[in-house]
Amino acid sequence: MISLDRALFVLLLGVLLQAILQLRGSGTAVWRSNVAAELALADTLLEHRPDEGDALLLAAFETLEVRKRLVEGQIAQHDAMPWFQRALYDTSSFQAHADWLKSWRQEWSERLAAKPAGTLPRRAKSTKSPSGGLQSAVEVAQDAIKGAAGDWKAAGMDVVLDEVINLMDAEADNAFVLSRSCESLRYMAVDDESRSAVGNSIPVILRAMVLNENSSEVQGYCSGTLVHLAAAPATRSAIIENDGVEAILRGMRLHPGNSFVHLKACAALANLAATSREQKLLMTKGTGQEVLQSLKTHLHDLSVLEYCLGAFHNLATYSENQATLRSLGALRALRDAVRLYPQHAEVQRVGTKTIRLLKGVGRDSVDKAPGDDREDREDLQAV
C-alpha cells in the first residue's frame, strides 16, 4: 500500500506538471500559428520559384527549402514527445524559425519580379532533378562548370565568387547579408576545384563570424560553408590555420541552445577532424568538451545529435584522445544517446562504434603516429 507521504508527493508533482503544461500551453498556440503561417507562405513562394536567375537568388530559395524541412522535422519531433517532455520543451526556437522565415520573405520576395541580368550562370527551364523538382543551386554550379569543360572561370563562377566576397566586405556588419552570402558560398563548393576557389573566401567567412558573434544565423551559415570546405585537405588546413576551429567553438559557446548553430558546427568539426594530426590538434583546442556539451544539450534533437556523434567518433579515432574523452564523461553521454534512440540505425551504428573506441575494443583503437596524416573519420553527409 502506498504511504500517505508518497501519495501527497505524487499529487503535488501532478499539480506542478499540470501548472507547467498550462503555462507552456498558453504560448504554444502563438508560436504554432506563427510557424504554420510562415510555412504556408514559404510553400507558396517555393511553388513559384523562378526557373532562372542570379546565383544568390537561387541559393536563397534552396536555403528556404532546407530551413522549411528542418522546421517541419523539429515540429514533428516535438509533437511525438511524451507529454511531460513537451511540457519542459523550450519552444522559443520555433518562434525564431518563424521570424527567420518572415525575414527571408521580406528580403527576397521583392526581387522575384525583377531579377538582375548579368554573367551569372542560369538553368534551363526544362531541366529537372532526379527527384522531379527544379535543379538545386548545387546542380546549377555543376552544370555551369560541366558546360565549360570543367573551366571554373569559363563557367562564370569566378565572377559569382568575387561578387559574393565583395558583398561580404561591403556589408561586414550586416548579419542578414552575411548569412545569405555564406549560404551561397556553401552551394558553390561542389567539388575539389570549386572548393579550392571558394577557399579564397575563408578569411572573409571567419571575419564575419568574429564581427557578428551574437548572430546565430551568421554563425550557423558560416559554419555550414566550412563543412563543405573542410572536405578537401588544402581548404581544411586553411580553416585551421586561420583559427577557424576557434571561431566555430566560440559560436557554440555563445549560442548553447541554438540547434541550427550546433548542427552546422558539429558537422564542420567532424570534417575538420579528418586525420590523426587534426584529431589531436582539435582536442587541444577544447573541441571534445564543446561537442560533449552540445550532445548533452541537444540530446533530444536528432538533427544535431547525429553530427555530434560524427564529431565524437572522429575525435575518438585517435587513441591519444580517448583517455581525455573518457575523463570528460563521453561514455555516459554516448550511452544515453544510444539508449534513447534504439530504433535509429545511424545513432546505433556511430554511437556504438564510438563507445567501442573509447573502451579500447576493436581494430579502430590501434595507435597512430602523431604525424600520420591518413584520413580516418566517419564520413558525413554535407549539411
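According to mature numbering (1 follows the signal peptide of the UniProt record, and there is no 0), the stretch in the sequence shown is residues -22 to -1, 1 to 361, in order. C-beta: ideal position from N, C-alpha, C; glycine also. On a predicted model such as this, the values are computed, not experimentally measured, just so you know.
Among the options, nearest to residue i - alpha-carbon criterion
i: residue 267; options: 246, 173, 231 and 316; result: 231
i: residue 202; options: 234, 192 and 180; result: 180
i: residue 200; options: 143, 253 and 29; result: 143
i: residue 297; options: 279, 255 and 325; result: 255
i: residue 195; options: 236, 145, 48 and 53; result: 236
i: residue 168; options: 209, 221, 222 and 263; result: 209
i: residue 74; options: 24, 28 and 8; result: 8
i: residue 136; options: 172, 13, 158 and 157; result: 172
i: residue 188; options: 162, 161, 150 and 34; result: 150
i: residue 83; options: 22, 132 and 49; result: 22
i: residue 175; options: 154, 139 and 152; result: 139
i: residue 325; options: 291, 302 and 300; result: 291
i: residue 46; options: 15, 30 and 57; result: 15
i: residue 182; options: 315, 159 and 253; result: 159
i: residue 153; options: 72, 192, 330 and 286; result: 192
i: residue 259; options: 214, 272 and 48; result: 214
i: residue 238; options: 312, 222, 333 and 51; result: 51
i: residue 280; options: 55, 163 and 41; result: 55
i: residue 367; options: 18, 302 and 316; result: Residue 367 is absent from the structure shown; the chain starts at -22 and stops at 361.
i: residue 240; options: 271, 312 and 170; result: 271
i: residue 34; options: 273, 85 and 13; result: 85
i: residue 284; options: 253, 302 and 330; result: 330
i: residue 129; options: 218, 57, 170 and 332; result: 170
i: residue 332; options: 229, 312 and 322; result: 312
Contacting residues, own chain, Cβ-Cβ under 6 angstroms from residue i (five flanking each side not counted)
i: residue 338; result: none
i: residue 69; result: 9
i: residue 59; result: none
i: residue 242; result: 198, 201 and 202
i: residue 319; result: 325
i: residue 327; result: none
i: residue 5; result: Note that residue 5 scores 47 on pLDDT, short of 50, meaning its location in the model is unreliable; the coordinates nonetheless yield the value given after this. Hits under 6 angstroms: none found.
i: residue 164; result: 202, 203 and 206
i: residue 115; result: With a pLDDT of 49 at residue 115, under the threshold of 50, the modelled position of this residue cannot be trusted, and the question is left open.
i: residue 287; result: 328 and 329
i: residue 282; result: 237, 240, 241 and 276
i: residue 12; result: 76
i: residue 322; result: none
i: residue 184; result: 220, 222 and 225
i: residue 162; result: 34, 37 and 142
i: residue 273; result: 286 and 311
Beta-bridge partners of residue i, as assigned by DSSP
i: residue 203; result: In DSSP, residue 203 forms no bridge with anything.
Residues near residue i in its chain [Cβ-Cβ closer than 7 angstroms; skip 5 each side]
i: residue 216; result: 177 and 180
i: residue 289; result: 244, 247, 248, 251 and 269
i: residue 275; result: 234 and 235
i: residue 156; result: 146, 149, 186, 190 and 196
i: residue 43; result: 24
i: residue 3; result: Because residue 3 sits at a pLDDT of 46, beneath the cut-off of 50, its placement in the model cannot be relied upon, and the point is left open.
i: residue 57; result: none
i: residue 261; result: 293, 299 and 302
Chain-order list of residues whose beta-carbon lies under 8 angstroms from that of residue i (same chain, five-residue window excluded)
i: residue 304; result: 336
i: residue 263; result: 223, 224 and 227
i: residue 300; result: 294, 335, 336, 338 and 343
i: residue 17; result: 46, 49, 50 and 79
i: residue 19; result: 79 and 83
i: residue 131; result: none
i: residue 265; result: 223, 227, 247, 251, 289 and 293
Decide if the segment 300 to 309 is in contact with the segment 76 to 87; the criterion is three or more beta carbon pairs, one per stretch, under 8 angstroms apart. No, because fewer than three Cβ pairs between the segment 300 to 309 and the segment 76 to 87 fall closer than 8 angstroms, the two stretches do not touch.
Which ranges would you report for the alpha helix (DSSP H) in the segment 183 to 229 if only whole runs of at least 4 residues count? Qualifying alpha helix (DSSP H) stretches, in chain order: 194 to 207 and 211 to 219.
For a minimum of 4 consecutive residues, which ranges assigned as the alpha helix (DSSP H) are wholly contained in the segment 144 to 173? Within the segment 144 to 173, the complete alpha helix (DSSP H) runs of at least 4 residues are 153 to 166.
Within the segment 32 to 84, note down every full alpha helix (DSSP H) run reaching 4 residues or more, in order along the chain. Uninterrupted alpha helix (DSSP H) stretches at least 4 residues long and entirely within the segment 32 to 84 occur at 33 to 58 and 61 to 65, given in chain order.
Hey, which unbroken runs of the alpha helix (DSSP H) at 4 residues or more fall wholly within the segment 232 to 313? The segment 232 to 313 contains these whole alpha helix (DSSP H) runs: 237 to 250, 254 to 262, 265 to 275, 280 to 295 and 297 to 306.
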